[in-house]
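J.: Residue numbers (this note's numbering), protein chains in the order written: chain A, 1 to 166; chain B, 1001 to 1166.
Just so it is clear, CB atoms sit at the ideal spot from N, CA and C, and this is done for glycine as well.
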DNA sequence: TATTGTTATACTCTATAACTATA
DNA sequence: TATAGTTATAGAGTATAACAATA
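1. By DSSP, does residue 1079(B) sit in helix, in strand, or in coil?
2. Check whether chain A comes within 9 Å of residue 1166(B), counting only Cβ atoms and requiring the distance to be less than that.
3. Can you tell me whether residue 1126(B) is buried or exposed? The criterion is at least 16 other CB atoms within 10 Å of its CB, across all chains shown.
4. Against residue 236(A), what residues of chain B qualify as contacts under a CB-to-CB distance less than 8 Å, listed in chain order?
5. Tell whether a beta-carbon distance below 9 Å holds between residue 98(A) and residue 109(A).
6. For the segment 152-165 of chain A against the segment 1032-1041 of chain B, are there 3 or more C-beta pairs whose distance is under 8 Å?
7. Does residue 25(A) come within less than 9 Å of chain B when only Cβ atoms are used?
8. Kindly indicate if chain A contains any beta-carbon less than 9 Å away from that of residue 1029(B).
9. Who are the Cβ neighbours of residue 130(A) in its own chain at under 6 Å, not counting the five residues just before and after it?
10. At least one CB of chain B closer than 9 Å to the CB of residue 42(A): is that the case?
11. I want to know whether the segment 1042-1060 of chain B touches the segment 41-54 of chain A - three or more CB-CB distances under 8 Å.
12. Just verifying my parser: in three-state terms, what is the DSSP assignment at residue 145(A)?
13. Is it right to say residue 21(A) is buried, meaning 16 or more other beta carbons lie within 10 angstroms of its own, or is it exposed?
14. State buried or exposed for residue 1140(B), treating a residue as buried only when at least 16 other CB atoms are found within 10 Å of its CB.
15. Once DSSP output is grouped into helix, strand and coil, what is the label at residue 1101(B)?
16. Using 9 Å as the threshold, is the C-beta distance between residue 167(A) and residue 1148(B) below it?
17. Could you please give me the residues that DSSP links to residue 123(A) through a beta bridge?
18. Go ahead and label residue 63(A) buried or exposed: buried means 16 or more other beta carbons lie within 10 angstroms of its beta carbon, across all protein chains shown.
19. Span of the alpha helix (DSSP H) holding residue 118(A)?
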């Protein structure tokens, strides 16, 4: 119950204390937010994402073209529905992604001979070259965040995050 | 260099081994993805977000109406630009959020008497009631993820995530 | 019937740029 | 000049639903 009523009471109290003046920026009360997994996940991801998208056009790992190319490079002939499953997005969302990759010349759809419903995805030499470049930039960018963690801390962060995955 | 070439070589090898047949779902090679902070952050957040948005309409903590109401409850008279700073989004993105909150009757804009450029934001009794309900649902939903962590693990996860914040 | 891919559509979140009113 | 808020616009990213081709 404390959890639920806390901010409400704080609000009522602050209301009496602050009938209209400006609030200084460092006295802002974040309430329950800092204790929520969702809030902290989102803040962290936004920070990393902004840094990545400055360093790498389309460089959000796991969404966007980067994750797709990694999967095609490691699993030639992977189907779109498998991409969807492993990037945890809908198969319909994969279509536009693959379209982009194909238009850019980084991958190809090839109708699978053994099951003509399936499109096998194959990375091209241009795709591999592009991916290698993206990986370099990605590594450099992630490296700038490594300073925040001791090596075993970084690993534990990854381990804990992976438990949340479906 | 291993880092960069790893998946490329794996790709070339797999290409020889797999000239067109289906790949089984559990032999998919995720390449460098599992070692990337960005990929793991995104997967974890997607998983949590999907769970939350089933339990709570508009319930992504920190984005959306929830974070806004928490800030208004704890800091009556907070300005929109302060909301933007603490939710780490642009001031332009705050406008639509506050519009929604005002239309729903959960908060009010009040022109600040000491600086007529500023809109102070104030939560309404209806907003407080709604927020209390959202917090209950949020707690229940986050609680279902707590099973994944020992108490000190959860705390360390939060601590590590907070280091990434700008 | 079930699966793979596709199209069409819409919604949320965020950003940028240009504007206003106030300071 | 600078700041707070607004408007207009655009771009990701994702989802759902309905559909075609194939199994």
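T.: So, from the listed chains and residues:
1. Note: residue 1079(B) maps to coil in three-state DSSP.
2. Residue 1166(B) belongs to the set of residues whose beta carbon lies under 9 Å from a beta carbon in chain A.
3. Counting every other CB atom within 10 Å of its CB across the protein chains shown gives residue 1126(B) a total below 16, marking it as exposed.
4. Since the first and last residues shown for chain A are 1 and 166, residue 236(A) lies out of range.
5. Between residue 98(A) and residue 109(A), the gap from beta carbon to beta carbon is short of 9 Å.
6. Yes, since at least three Cβ pairs between the segment 152-165 of chain A and the segment 1032-1041 of chain B fall closer than 8 Å, the two stretches touch.
7. At a cut-off of 9 Å between beta-carbon atoms, residue 25(A) makes contact with chain B.
8. Yes, residue 1029(B) counts as interfacial toward chain A.
9. For residue 130(A), where only same-chain residues beyond five positions count, the Cβ hits under 6 Å are 106.
10. So yes, residue 42(A) belongs to the interface.
11. Under the three-pair Cβ rule at 8 Å, the segment 1042-1060 of chain B counts as touching the segment 41-54 of chain A.
12. When DSSP states are grouped into helix, strand and coil, residue 145(A) belongs to the helix group.
13. Residue 21(A) sits exposed, since fewer than 16 C-beta atoms from the chains shown fall within 10 Å of its C-beta.
14. Per the 10 Å Cβ criterion, exposed.
15. It is helical.
16. There is simply no residue 167(A) to check, as chain A begins at 1 and stops at 166 in what is shown.
17. Under DSSP, residue 123(A) shares a beta bridge with 107(A).
18. Residue 63(A) is classed as buried because its beta carbon has at least 16 other beta carbons within 10 Å across all chains shown.
19. Annotation: residue 118(A) is outside any alpha helix (DSSP H) and is labelled neither H nor E by DSSP.
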